[in-house]
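Heads up: the structure comes next, in structure tokens.
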Amino acid sequence: MNGNKTVAVIVKILAFLVMLGLATLFFTNDFGLIDIHKTSIVMAVGVDVDGDDLLLTAQVAVPRPSQSGDAVEYVEIQGSGATVSDAVDEVYSKAGFYPKLMFCKIVLLGESCAEKDIFRILDFFYRNEYAQLTPLVAMCKGKASEMLAMPTPASDAASMPLEKVLSEELKKSAAVSTTNLKLIAQDRYSQSGACFMPYIEANVQGTSEPGSGAGGETPPPSEGSGGGDQPSNSSGGSSESSGKPAGGEQKPVEFTCRKTAFFQGGNFAGILSEDEAFAFNLVRQQVNHATVTCKYDGKIYSLGLKDNKGDIKLKVKDGAPKLILSFEGTAEILEISEDAEPDKSAAYEKTPESVLDAAQQSVRNMLYSLVERVKESDCDILGARTLLYKYANKYYEAFKDNLLSAIMPEFDINIKSAN
């Protein structure tokens with residue numbers, strides 16, 4: 257009996273010592289965790305070409321102790337080097353701690369990056385163990401460093417409104433060609449070898465005036481024919497601790513990205529206009545709701561499109577490759593450029609066939625312009641070579657080298673009334 261009591265006492269003592277040891281470890285050791293005041297989160301990364309070097313700007317959210325108000329400060333830290341990795345190391349040395357790339361949501365390329373192979377630039381993010389494959393990727397007008405430092409009315413950090421204009425919701429309205437690191441790699445290493453990304457511009461809030469540092473003093477990349485047009489070289493600057501451009505007080509800006517930059521084999525090929533980008537999104541992305549404008553009988557109609565379905569197919573008929581771009585959707589009238597009496601508005605509940613025909617022609621015209629840009633730039637963003645490889649493989653070797661110049665486009669557009 258006494259032996260059992262002795263064993264019980266020993267067990268209790270051991271349990272107490274174990275609990276005491278765990279409590280000591282808990283209150284005296286961080287188990288390798290980094291103190292919140294000595295770490296930071298990289299919200300976005302911007303890359304510009306600076307002569308022979310690359311200039312990297314990291315927009316960093318730094319936790320600050322605060323009794324009230326915002327406990328996070330946003331700063332831009334710059335580094336430069338022959339590679340992105342060198343530039344990141346310089347950012348680390350300036351920050352004094354290790355910014356976490358795993359939370360980076362946006363990789364922004366300045367227009368000067370058109371001089372380089374973008375996969376030469378993005379390679380670091382694919383190899384870095386702390387980076388994810390989900391960050392959104394976009395090109396901007398002007399310098400990425402200056403765009404990240406621009407003040408916005410919605411947030412202290414430009415990365416947040418940038419993330420909103422690149423959102424999945426806008427992607428599903430055909431307003432933006434949203435993509436990420438993973439999707440770019442998939443497109444780049446397909447048989448087509450082409451990829452795309454949104455092209456972002458900044459305007460002073462409430463105006464069409466370019467925002468400060470947004471390339472306002474340099475001409476924008478050409479949107480005309482020929483895919484070899486290069487964006488103006490607005491690179492420059494040095495590896496400073498902030499990306500804010502010199503000068504007076506900046507006005508708040510708004511971001512838009514209704515254009516699309518496209519690349520062949522990692523090399524810049526051109527920028528799709530707003531209409532061409534819209535048509536591209538209709539056939540390449542899942543679109544839940546979109547708006548198309550057409551003219552008929554001297555009036556301008558705005559139609560809302562829903563139940564949309566776009567597709568791209570390639571067939572070889574009579575020895576010639578044919579690219580078939582199809583789109584179908586259901587339309588309802590949102591607005592007409594005329595004054596309508598309340599008792600007459602019911603007459604427009606069903607969209608007239610003539611207006612539907614005009615809408616179909618409008619979509620067809622945009623798709624035709626898109627195909628012409630693809631052929632002129634010899635950039636296969638429509639995935640024709642990939643379709644040929646998958647569905648008409650016996651013709652692949654014969655057509656792969658001159659496919660884009662040989663294809664004959666066909667358009668199958670079907671828009672019907674919602675009522």
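The opening position of the sequence shown corresponds to residue 257 in this note's numbering, with each subsequent residue numbered one higher. All C-beta atoms in this analysis are idealised placements derived from N, C-alpha and C, irrespective of residue type, glycine included. Please read these numbers as outputs of a predicted model, since none were measured by experiment.
With fewer than 16 other Cβ atoms inside 10 Å of its own Cβ, Thr390 counts as exposed. Per DSSP, the unbroken beta strand (DSSP E) holding Gln520 starts and ends at 509-520.
Between Glu510 and Gln461 the beta-carbon gap is near 5 Å, inside 8 Å, which marks them as a contact. For Leu643, the enclosing alpha helix (DSSP H) begins and ends at 640-647. Thr408 counts as buried, since at least 16 other C-beta atoms from the protein chains shown sit within 10 angstroms of its C-beta. Cβ-Cβ distances below 6 Å link Thr607 to Ala587, Ile589, Ser673 in the same chain, with the five nearest sequence neighbours on each side left out; the list follows chain order. Taking C-beta separations shorter than 6 Å and ignoring five residues to either side along the sequence, the partners of Ala414 in its chain run Leu404, Met406, Thr408, following chain order. Distance check between Gly302 and each of Val548, Lys573, Ser446, Ala394 places Ala394 closest, using alpha-carbon atoms only. In the DSSP annotation of this structure, the continuous segment of the beta strand (DSSP E) that includes Asn459 starts and ends at 450-460. Take Thr642, set aside five residues on each side of it, and the residues of its chain with a beta-carbon closer than 6 Å to its own are Ser446, Gln447, Ser448, in chain order. With contacts defined as CB atoms closer than 8 Å, Ile456 and Cys369 fail to qualify as a contacting pair. In the same chain as Tyr382, and ignoring 5 residues on each side of it, the C-beta atoms closer than 8 Å to its own belong to Leu389, Leu437, Ala441, in chain order. If you draw a straight line from the Cα of Gln334 to the Cα of Lys656, it comes to about 43 Å. Leu659 and Arg540 have their C-alpha atoms spaced approximately 19 Å apart. Shortest Cα-Cα distance from Asn621 to any of Gly307, Tyr645, Ser582 involves Ser582. Shown here for Lys562: same chain residues with a beta carbon closer than 6 Å to its own, the five before and five after excluded, namely His545, Thr586 in chain order.
For Lys361, the CB contacts under 6 Å within the same chain, skipping 5 residues up- and downstream, are Pro391, Glu419 in chain order. Here Thr547 is actually not in contact with Leu528; their C-beta atoms are around 18 Å apart, not less than 8 Å. A distance below 6 Å between beta-carbons, with the five flanking residues on each side excluded, links Val347 to the following residues of its chain, in chain order: Ala314, Ile333, Gly335. In the structure shown, the three-state DSSP call for Val627 is helix. When DSSP reads this structure, Tyr552 sits in a beta bridge with Lys555.
Assignment of Leu581 by DSSP, reduced to helix, strand and coil, places it in the strand class. A buried status is given to Pro577, since no fewer than 16 other beta-carbon atoms sit within 10 Å of its beta-carbon. Distance between Gln616 and Asp531, taken at the CA atoms: about 14 Å.
In terms of Cβ geometry, Leu311 and Thr339 do not form a close pair [threshold 8 Å]. The C-alpha of Phe667 is placed about 10 Å away from the C-alpha of Lys569.
Here Ala414 carries a coil assignment [DSSP, helix/strand/coil]. Taking the Cα of Tyr647 as reference, the smallest distance to any Cα among Ala535, Ala431, Leu378, Leu579 is reached at Leu579. Rounded to whole angstroms, the separation of the alpha carbons of Phe380 and Ile669 is 42 Å. For Phe519, the closest C-alpha among the options Lys551, Ala351, Ser633 is that of Ser633.
Look at Cys396 here: in three-state DSSP terms it is strand.
Straight across, the Cα-Cα distance linking Val267 with Ala279 is about 18 Å. Secondary structure note for Phe536: it is in no beta strand (DSSP E), and the uninterrupted alpha helix (DSSP H) holding it is 530-540. Residues Phe375, Cys451, Gly522 of the same chain have their beta carbon placed closer than 7 Å to that of Arg444, with the five preceding and five following residues left out of the count. Inter-residue distance for Lys573 and Leu623 is about 21 Å (C-alpha atoms, whole angstroms). Residue environment for Leu638: buried (at least 16 other C-beta atoms within 10 angstroms of its C-beta).
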